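Notes for the one structure printed next.
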Amino acid sequence: MRPIFFLARASSWKQYWTGSHPTRQVSIRELLLDKIPQKSWDSHMHVVDPTQYPLAEGAQYTPEPHLLSEALTFESTLGIHKIVLVQPSIYGNDNSCMLDALRRIGPQNGRAVVAFDPKSINSLTLDVWHRIGVRGVRINLQSVGQQMDPVELTATLQQYADIIRPYGWVLQLYVPLSTATVLETVVPKLGVKVCLDHFGCPTLSGPLGYPFSGDPYSLPGFTSLVNLLSQGSTYLKMSAPYRLSPDAGHLDLEPMAKELLRVAPNQIVFATDWPHTRYEGLDIKPFVESVVEWCGDDNTLIERIFKYNAEDLWSVSNEK
Numbered sequence: 254m255r256p257i258f259f260l261a262r263a264s265s266w267k268q269y270w271t272g273s274h275p276t277r278q279v280s281i282r283e284l285l286l287d288k289i290p291q292k293s294w295d296s297h298m299h300v301v302d303p304t305q306y307p308l309a310e311g312a313q314y315t316p317e318p319h320l321l322s323e324a325l326t327f328e329s330t331l332g333i334h335k336i337v338l339v340q341p342s343i344y345g346n347d348n349s350c351m352l353d354a355l356r357r358i359g360p361q362n363g364r365a366v367v368a369f370d371p372k373s374i375n376s377l378t379l380d381v382w383h384r385i386g387v388r389g390v391r392i393n394l395q396s397v398g399q400q401m402d403p404v405e406l407t408a409t410l411q412q413y414a415d416i417i418r419p420y421g422w423v424l425q426l427y428v429p430l431s432t433a434t435v436l437e438t439v440v441p442k443l444g445v446k447v448c449l450d451h452f453g454c455p456t457l458s459g460p461l462g463y464p465f466s467g468d469p470y471s472l473p474g475f476t477s478l479v480n481l482l483s484q485g486s487t488y489l490k491m492s493a494p495y496r497l498s499p500d501a502g503h504l505d506l507e508p509m510a511k512e513l514l515r516v517a518p519n520q521i522v523f524a525t526d527w528p529h530t531r532y533e534g535l536d537i538k539p540f541v542e543s544v545v546e547w548c549g550d551d552n553t554l555i556e557r558i559f560k561y562n563a564e565d566l567w568s569v570s571n572e573k
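To convert a position in the sequence shown, counted from 1, into the numbering used here, add 253.
Structure, rendered in structure tokens:
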């Protein structure tokens, strides 16, 4: 595999906002409309409205309102009309904003991933949430900088898995890729589907700002991630590249992305991470184009990444 070396430049960040890239010759809009399948899913996005739904005490940031109407308008530019609403860290365990949005679109067009305290949640609440389209719970350590040792992490995952297992929900994790070395032994025993946010959250750059060599297997946890995905109950979201790298061309993510598509084509789902909180205003369409390009000319693979894998993950196929 050819090593890739990249130094972050201000112009790279500018390209995220303008959508420009010197190697892109084909109209992004034309490519997307031609390639993205009908009834595709965006498996990770948020709605936030701090004016109507107060943020949790100690929220890491305060975003502008990003409403459901805006979300649906954005999704329509990609030809996507089915979304998975994910609870952002700024709302803590108060899912009100997200659940109100889910009620408006209905389970035929949406799913949601909640946050809750496993010590206080009750079955009546879970039953109501399930009826309106909730299909997962999120454990978010990355956004809040929380760390757990292997023993604590294992116990936490087991506790959540025991609660959601009767509902067939997904255990969604936003944790560093290095955590996969623990997950590799724990997840097969949980008896639930697991989904990892944002490419599994790898650390691509070293202390001097240089990215990794280009070989994804050199990333701590990547081999364990591949083993997890091969077991069939773990999924991964291709999403939020800007949280991992400033490279607007996604060249440093490309080796990892292509290897994941090669080894686990049935376990990868696409997501936009709209409204790109703390990165508001960037143009995500070049990333969508990159995902399509990484699939090559394999239309079957494109359908899996954008549609069928999401239907499997979010229990859509068996509820039609």
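Where is the CB? At the ideal position from N, CA and C, for every residue including glycine.
Remember, predicted model here, so these are calculated numbers, not experimental data.
| request: Report yes if the CB atom of residue 477 is closer than 9 Å to the CB atom of residue 542, and no otherwise. | output: no
| task | Could you please give the first and the last residue of the uninterrupted alpha helix (DSSP H) stretch that includes residue 385? | result | 376–385
| With DSSP run on the structure shown, which of helix, strand or coil describes residue 442? | helix
| task | Write down the C-beta distance between residue 526 and residue 492 rounded to the nearest angstrom, noting that I regard them as a contact closer than 8 Å. | result | 5 Å
| message | Given this structure, state the Cα-to-Cα distance separating residue 277 from residue 519, to the nearest angstrom. | response | Here residue 277 scores only 47 on pLDDT, less than 50, and its place in the model is too uncertain to base an answer on.
| request: Report the three-state DSSP secondary structure of residue 454 (helix, strand or coil). | output: coil
| task | Below 8 Å on the Cβ atoms is my guess for residue 318 versus residue 302; work out the distance and round it to an integer in Å. | result | 5 Å
| In whole angstroms, what is the alpha-carbon distance linking residue 316 and residue 341? | 11 Å
| said: Quick check on DSSP: helix, strand or coil for residue 472? | reply: coil
| said: Helix, strand or coil for residue 336? Go by DSSP, reduced to three states. | reply: strand
| Could you give the C-beta distance for residue 498 and residue 535, rounded to a whole number, given that I count them as a contact under 8 Å? | Contact doesn't hold; Cβ gap of about 13 Å is too wide.
| Just the Cα atoms here: how many angstroms apart are residue 426 and residue 440? | 11 Å
| task | Keeping to the same chain, check which residues put their C-beta closer than 8 Å to that of residue 314; ignore five residues upstream and five downstream. | result | 343, 530 and 531
| residue 363 - partner residues in DSSP beta bridges | 336
| query | Can residue 540 and residue 293 be called in contact, C-beta distance under 9 Å? | reply | no
| request: Would you mind working out which of 345, 550, 322 and 443 sits nearest residue 357, comparing C-alpha positions? | output: 322
| field | 9 Å Cβ cutoff met for residue 423 and residue 390 | value | yes
| field | Bounding residues of the beta strand (DSSP E) (the contiguous stretch that carries residue 521) | value | 521–523
| task | For residue 444, count neighbouring Cβ atoms within 10 angstroms of its own Cβ and tell me buried if that reaches 16, exposed if not. | result | exposed
| message | Please return the same chain residues whose Cβ sits closer than 7 Å to the Cβ of residue 346, not counting the five positions on each side in sequence. | response | 368, 369 and 370
| query | Can you tell me whether DSSP reads residue 448 as helix, strand or coil? | reply | strand
| What are the partner residues of residue 391, as DSSP defines its beta bridges? | 425
| field | Short Cβ contact (9 Å threshold) for residue 490 with residue 450 | value | yes
| message | Quick check: residue 452 and residue 504, are their CB atoms within less than 9 Å of each other? | response | no
| message | Just to confirm before moving on: does the CB-CB distance between residue 324 and residue 298 stay below 9 Å? | response | yes
| request: For my contact list, residue 366 and residue 339 are in at a C-beta cut-off of 8 Å; report their separation, rounded to the angstrom. | output: 5 Å
| task | Could you tell me the distance, in whole angstroms, from the CA atom of residue 521 to the CA atom of residue 377? | result | 32 Å
| task | Could you tell me which residues DSSP pairs with residue 319 in its beta bridges? | result | 301
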